[in-house]
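Numbered by our numbering, the letters in the sequence shown go through residues 1101 to 1270 in order.
For each residue, glycine too, the CB sits at the ideal point set by N, CA and C.
Report on one structure; see the data block that follows.
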Amino acid sequence: LLALALATRKPAALLDWNNNYGQEPDICVNTHCGAYPAGFLGNKPGIGQLDVLGGTIGFELCFGAVKGKVAPGDMTYFRISTEDTGGYIKAYVGEGEFLDRKFDMAGGIAVCKTDRLRKLLATLCANGFEHHVAMVRGRSARVVNEAVTKYLGWRTYWHNRPGEHDITML
(Lines of atoms letter the chains of each structure in order from A and count residues from 1; the text may use other names and numbers.)
(Lines give C-alpha, C1' and ligand atoms only; values in the text may rest on other atoms or scores of the structure.)
Protein backbone atom coordinates (compact mmCIF):
# COMPACT_ATOMS: atom_id res chain seq x y z
CA LEU A 1 0.00 0.00 0.00
CA LEU A 2 2.74 2.42 0.93
CA ALA A 3 4.63 1.92 -2.35
CA LEU A 4 1.52 2.77 -4.38
CA ALA A 5 0.66 5.73 -2.16
CA LEU A 6 4.19 7.11 -2.53
CA ALA A 7 4.19 6.58 -6.31
CA THR A 8 0.85 8.34 -6.84
CA ARG A 9 0.37 10.56 -3.78
CA LYS A 10 -3.07 8.95 -3.44
CA PRO A 11 -4.39 6.51 -0.84
CA ALA A 12 -4.28 2.84 -1.80
CA ALA A 13 -6.55 -0.02 -0.76
CA LEU A 14 -6.17 -3.75 -0.19
CA LEU A 15 -8.49 -6.01 -2.19
CA ASP A 16 -8.90 -9.70 -3.02
CA TRP A 17 -8.83 -11.11 -6.53
CA ASN A 18 -12.25 -12.69 -6.16
CA ASN A 19 -15.05 -13.57 -8.60
CA ASN A 20 -15.39 -13.83 -12.34
CA TYR A 21 -17.70 -11.31 -13.96
CA GLY A 22 -20.07 -13.39 -16.07
CA GLN A 23 -18.47 -14.65 -19.25
CA GLU A 24 -16.11 -11.69 -19.69
CA PRO A 25 -12.55 -13.08 -19.42
CA ASP A 26 -10.80 -9.76 -18.71
CA ILE A 27 -13.19 -8.59 -15.97
CA CYS A 28 -13.39 -9.72 -12.37
CA VAL A 29 -14.86 -8.58 -9.08
CA ASN A 30 -12.45 -7.58 -6.33
CA THR A 31 -13.64 -7.20 -2.77
CA HIS A 32 -12.26 -6.92 0.72
CA CYS A 33 -13.29 -6.26 4.27
CA GLY A 34 -14.16 -2.66 3.55
CA ALA A 35 -10.95 -0.82 4.39
CA TYR A 36 -11.27 1.55 1.45
CA PRO A 37 -10.18 5.18 1.41
CA ALA A 38 -13.12 7.51 0.81
CA GLY A 39 -11.80 8.49 -2.64
CA PHE A 40 -12.27 4.93 -3.90
CA LEU A 41 -16.02 4.82 -3.57
CA GLY A 42 -18.81 6.49 -5.48
CA ASN A 43 -21.05 9.14 -3.98
CA LYS A 44 -22.95 6.92 -1.49
CA PRO A 45 -20.49 5.04 0.74
CA GLY A 46 -21.71 3.65 4.02
CA ILE A 47 -20.21 2.09 7.12
CA GLY A 48 -21.36 -1.03 8.90
CA GLN A 49 -20.48 -4.59 9.85
CA LEU A 50 -18.44 -7.07 7.84
CA ASP A 51 -21.13 -9.25 6.33
CA VAL A 52 -19.28 -12.54 5.77
CA LEU A 53 -17.06 -12.42 8.86
CA GLY A 54 -19.91 -11.11 11.01
CA GLY A 55 -21.95 -14.19 10.20
CA THR A 56 -19.11 -16.32 11.53
CA ILE A 57 -17.84 -14.54 14.64
CA GLY A 58 -20.71 -12.18 15.38
CA PHE A 59 -21.69 -8.82 13.91
CA GLU A 60 -20.99 -7.01 17.19
CA LEU A 61 -17.29 -7.80 16.66
CA CYS A 62 -17.17 -6.62 13.05
CA PHE A 63 -18.10 -2.94 12.89
CA GLY A 64 -16.15 -0.47 10.81
CA ALA A 65 -16.38 -1.77 7.25
CA VAL A 66 -16.73 0.82 4.52
CA LYS A 67 -19.44 -0.34 2.13
CA GLY A 68 -20.14 0.76 -1.38
CA LYS A 69 -19.11 0.39 -4.96
CA VAL A 70 -15.70 1.54 -6.15
CA ALA A 71 -16.10 4.40 -8.63
CA PRO A 72 -14.85 3.93 -12.22
CA GLY A 73 -11.41 5.06 -13.34
CA ASP A 74 -7.84 3.97 -14.06
CA MET A 75 -5.99 1.89 -11.49
CA THR A 76 -2.65 0.27 -10.78
CA TYR A 77 -2.30 -2.98 -8.85
CA PHE A 78 0.76 -4.23 -6.99
CA ARG A 79 1.72 -7.12 -4.73
CA ILE A 80 4.91 -7.86 -2.79
CA SER A 81 5.59 -11.31 -1.39
CA THR A 82 8.50 -13.39 -0.17
CA GLU A 83 9.85 -16.57 -1.66
CA ASP A 84 10.85 -18.14 1.63
CA THR A 85 12.56 -21.25 0.28
CA GLY A 86 14.56 -19.20 -2.22
CA GLY A 87 15.30 -16.30 0.11
CA TYR A 88 14.16 -13.43 -2.10
CA ILE A 89 11.40 -10.87 -2.49
CA LYS A 90 9.10 -11.05 -5.49
CA ALA A 91 6.40 -8.73 -6.78
CA TYR A 92 3.99 -8.10 -9.60
CA VAL A 93 2.54 -4.88 -10.95
CA GLY A 94 0.10 -3.91 -13.67
CA GLU A 95 -2.62 -1.53 -14.71
CA GLY A 96 -6.30 -1.72 -15.47
CA GLU A 97 -9.46 0.11 -14.66
CA PHE A 98 -12.34 0.13 -12.23
CA LEU A 99 -15.59 -0.24 -14.18
CA ASP A 100 -19.07 1.10 -13.55
CA ARG A 101 -20.76 -2.32 -13.68
CA LYS A 102 -23.51 -3.72 -11.51
CA PHE A 103 -22.67 -6.64 -9.21
CA ASP A 104 -25.16 -7.85 -6.63
CA MET A 105 -22.99 -8.47 -3.58
CA ALA A 106 -22.71 -6.81 -0.17
CA GLY A 107 -19.62 -5.00 1.08
CA GLY A 108 -16.97 -3.06 -0.79
CA ILE A 109 -17.13 -4.05 -4.45
CA ALA A 110 -14.72 -3.18 -7.26
CA VAL A 111 -15.45 -4.43 -10.77
CA CYS A 112 -12.02 -4.46 -12.43
CA LYS A 113 -10.81 -4.87 -15.99
CA THR A 114 -7.27 -5.98 -16.80
CA ASP A 115 -6.26 -7.08 -20.28
CA ARG A 116 -5.25 -10.75 -20.39
CA LEU A 117 -6.61 -11.28 -16.86
CA ARG A 118 -6.47 -15.06 -17.14
CA LYS A 119 -2.74 -14.90 -17.94
CA LEU A 120 -2.22 -12.65 -14.93
CA LEU A 121 -4.08 -15.02 -12.61
CA ALA A 122 -2.23 -18.04 -14.01
CA THR A 123 1.08 -16.24 -13.39
CA LEU A 124 0.09 -15.43 -9.82
CA CYS A 125 -0.79 -19.07 -9.13
CA ALA A 126 2.35 -20.42 -10.83
CA ASN A 127 4.51 -18.11 -8.72
CA GLY A 128 2.75 -18.66 -5.38
CA PHE A 129 1.27 -15.19 -4.86
CA GLU A 130 -1.47 -14.69 -2.31
CA HIS A 131 -4.90 -13.48 -3.44
CA HIS A 132 -4.60 -10.07 -1.75
CA VAL A 133 -3.51 -7.15 -3.92
CA ALA A 134 -3.00 -3.42 -3.36
CA MET A 135 -4.72 -1.04 -5.77
CA VAL A 136 -4.57 2.70 -6.28
CA ARG A 137 -6.25 5.13 -8.64
CA GLY A 138 -4.24 6.15 -11.69
CA ARG A 139 -1.59 4.54 -13.86
CA SER A 140 1.78 4.14 -12.15
CA ALA A 141 3.09 0.65 -13.05
CA ARG A 142 6.18 2.07 -14.76
CA VAL A 143 7.21 4.07 -11.68
CA VAL A 144 6.53 1.23 -9.25
CA ASN A 145 8.34 -1.32 -11.43
CA GLU A 146 11.40 0.92 -11.74
CA ALA A 147 11.53 1.48 -7.99
CA VAL A 148 11.36 -2.17 -6.99
CA THR A 149 13.53 -3.63 -9.76
CA LYS A 150 16.19 -0.98 -10.35
CA TYR A 151 16.61 0.30 -6.81
CA LEU A 152 15.56 -2.66 -4.66
CA GLY A 153 16.54 -5.51 -6.98
CA TRP A 154 13.28 -7.44 -6.52
CA ARG A 155 12.14 -10.02 -9.06
CA THR A 156 9.07 -8.41 -10.56
CA TYR A 157 6.48 -9.44 -13.12
CA TRP A 158 5.02 -6.42 -14.93
CA HIS A 159 1.75 -7.57 -16.49
CA ASN A 160 1.11 -6.21 -19.99
CA ARG A 161 4.37 -4.25 -19.92
CA PRO A 162 4.94 -2.43 -23.23
CA GLY A 163 7.05 -4.77 -25.38
CA GLU A 164 6.51 -7.58 -22.87
CA HIS A 165 7.80 -11.02 -23.64
CA ASP A 166 5.60 -13.87 -22.51
CA ILE A 167 7.67 -14.78 -19.41
CA THR A 168 5.57 -15.90 -16.47
CA MET A 169 7.99 -17.37 -13.93
CA LEU A 170 9.90 -15.06 -11.61
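Any non-hydrogen atom of the ligand SAH closer than 7 Å to residue i Cβ
| i | result |
| --- | --- |
| Val1170 | The model depicted lacks the ligand SAH and carries no ligand whatsoever. |
Bridge-paired residues (DSSP) for residue i
| i | result |
| --- | --- |
| Val1243 | Answer by DSSP bridge pairing: none, since Val1243 is not bridged. |
| Trp1258 | Val1193 |
| Arg1109 | None, per the DSSP bridge assignment. |
| Gly1148 | Ala1165 |
| Asn1119 | Val1129 |
Residue i - DSSP class collapsed to helix/strand/coil
| i | result |
| --- | --- |
| Tyr1251 | helix |
| Leu1102 | helix |
| Ala1135 | coil |
Cα-Cα separation, residue i to residue j
| i | j | result |
| --- | --- | --- |
| Pro1197 | Ala1112 | At residue 1197 the sequence reads Glu, which differs from the Pro that was named. So the alpha carbons of these two residues sit roughly 14 Å apart. |
| Ala1206 | Gly1146 | 11 Å |
| Arg1261 | Thr1249 | 14 Å |
| Lys1167 | Thr1131 | 10 Å |
| Tyr1278 | Phe1163 | There is no way to answer for residue 1278, as the model of the chain reaches only from 1101 to 1270. |
| Lys1169 | Asp1200 | 9 Å |
| Lys1228 | Ala1222 | In the sequence as presented, Lys is not what sits at residue 1228; that position holds Gly. Between Gly1228 and Ala1222, the C-alpha separation is close to 10 Å. |
| Pro1172 | Gly1253 | 33 Å |
| Ala1135 | Gly1186 | 32 Å |
| Asp1174 | Lys1202 | 18 Å |
| Leu1224 | Glu1230 | 8 Å |
| Phe1178 | Lys1219 | 16 Å |
*Within the segment 1150-1233, note down every full alpha helix (DSSP H) run reaching 4 residues or more, in order along the chain.*
Contiguous alpha helix (DSSP H) elements confined to the segment 1150-1233 occur at 1151-1157, 1217-1226, taking only those with 4 or more residues.
Review point. How about the segment 1172-1187 and the segment 1149-1162: do they share at least three Cβ pairs that are nearer than 8 Å?
Key: Touching, no, given that fewer than three Cβ pairs across the two stretches are closer than 8 Å.
query: For the segment 1184-1199 against the segment 1236-1249, are there 3 or more C-beta pairs whose distance is under 8 Å?
result: Three or more Cβ pairs drawn from the segment 1184-1199 and the segment 1236-1249 lie within less than 8 Å of each other, which places the two stretches in contact.
Taking contact to mean 3 or more Cβ pairs, one atom from each stretch, closer than 8 Å, check whether the segment 1119-1128 and the segment 1213-1227 are in contact. By the Cβ criterion, the segment 1119-1128 is in contact with the segment 1213-1227, since at least three pairs of Cβ atoms, one from each stretch, lie closer than 8 Å.
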